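Per my numbering, the very first residue in the sequence shown carries number 38; after that it's consecutive.
Structure first, commentary second.
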Amino acid sequence: MAQENHYVIDSESGAEMARLIDQDYLMTRLTGGWFPPGVEIERGKILDLGCGPGGWALEVAHAYPEIELVGVDISNIMIAYAQTHAKLQQVQERVKFQTQLRALALQALHRSGLGFSFDGTNIGIVHMLYPLLQQSGGKTIEYAAYVLNMAYDAPFHQAGVKNGYIAYQLMSKLFVKLGLATAEEVQQLCEQFRADSYQPTFASTMIMTRAWGYKL
Ligand SMILES: C[S@@+](CC[C@H](N)C(=O)[O-])C[C@H]1O[C@@H](n2cnc3c(N)ncnc32)[C@H](O)[C@@H]1O
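Now the structure itself:
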């Protein structure tokens, strides 16, 4: 659930996607191939974390017909591009590209004109609490910050996961309406999220801020 995007460039930018398409091609040629020296993979499954527009995964899929690949990225536009190319190149059965539920939710808010983020990679509300409370007459403004742990063995694991699962299900129609994902993709991501949450290594924290002001 809790994922922060610390990447320095706006991942939803078309210019960044175009740059990554070129960069991926260049890097594979400059480094002499798809895998580091000594790594020989002929079959099995590969997870490409931060796959961008998916060029590397698609090239590997064509070169190795017995390898299955899953590409994951925080950027919705790059995943949409990668999925389209997997279909066009007829490798969609072996190469799956998935966005992340949280990225969908943040983009949906952004595209609906909600939140304060310039690019939809966060909600941006925390920075705005101070001026908003001031504008509504707050003279003394105070904050409290919390880290809510919902890891596998935390007391609120089950309640937290259920809450997240339902929230994403309820946002499904909005994701579809905004063209961010199909209903089937959202459902699949929700089920994946639930399955992941039952792994003993599952880690999740939610960072929460409370802010309040006194008018006197
Ligand atoms: C330097 S690019 C590499 C793209 C691709 N692997 C390639 O070689 O062309 C880094 C990628 O990581 C993605 N990224 C950044 N933060 C991420 C996060 N928290 N979760 C998933 N992907 C993330 C960005 O959207 C971007 O596509």
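Each residue gets a CB set at the ideal place from its N, CA and C atoms; glycine is no exception.
Bear in mind that the values here come from a model prediction, so they are computed numbers and not experimental data.
Within 10 angstroms of its Cβ, does residue i collect 16 or more other Cβ (buried), or is it exposed?
i    : result
M38  : Per-residue confidence for M38 stands at a pLDDT of 38, beneath the threshold of 50, marking its modelled position as unreliable; the derived number appears in the next sentence. With 16 or more other Cβ atoms within 10 Å, it is buried.
D61  : buried
M245 : exposed
Q127 : exposed
L95  : buried
Q229 : exposed
L207 : exposed
H164 : exposed
P73  : exposed
F134 : buried
G87  : exposed
Q40  : Note that Q40 scores a pLDDT of 47, beneath 50, so its modelled location is shaky and nothing firm can be said.
L57  : buried
D190 : exposed
Y251 : exposed
D110 : buried
Do residue i and residue j have their C-beta atoms closer together than 7 Å?
i    : j    : result
L141 : A218 : yes
I160 : G150 : no
S209 : V223 : yes
I114 : E49  : yes
L226 : L138 : yes
W71  : V97  : yes
Hey, how far is the Cα of residue i from the Cα of residue j?
i    : j    : result
T136 : Y180 : 33 Å
E105 : G92  : 15 Å
L215 : L253 : 44 Å
G108 : Q171 : 44 Å
R231 : T238 : 13 Å
G201 : M187 : 11 Å
I83  : G75  : 17 Å
S241 : V184 : 10 Å
F212 : L146 : 10 Å
A119 : Y235 : 29 Å
P102 : L166 : 53 Å
G175 : A182 : 19 Å
D59  : T68  : 14 Å
S154 : D47  : 11 Å
A204 : A248 : 23 Å
Considering residue i, what are the terminal residues of the alpha helix (DSSP H) in which it resides?
i    : result
V97  : 92-100
I203 : 194-214
I114 : 113-125
Provide the residue span of the beta strand (DSSP E) that contains residue i, from first to last.
i    : result
K82  : 81-86
G174 : That residue, G174, is in no beta strand (DSSP E); it is neither H nor E in DSSP.
A248 : 242-251
I104 : 104-109
V132 : 132-135
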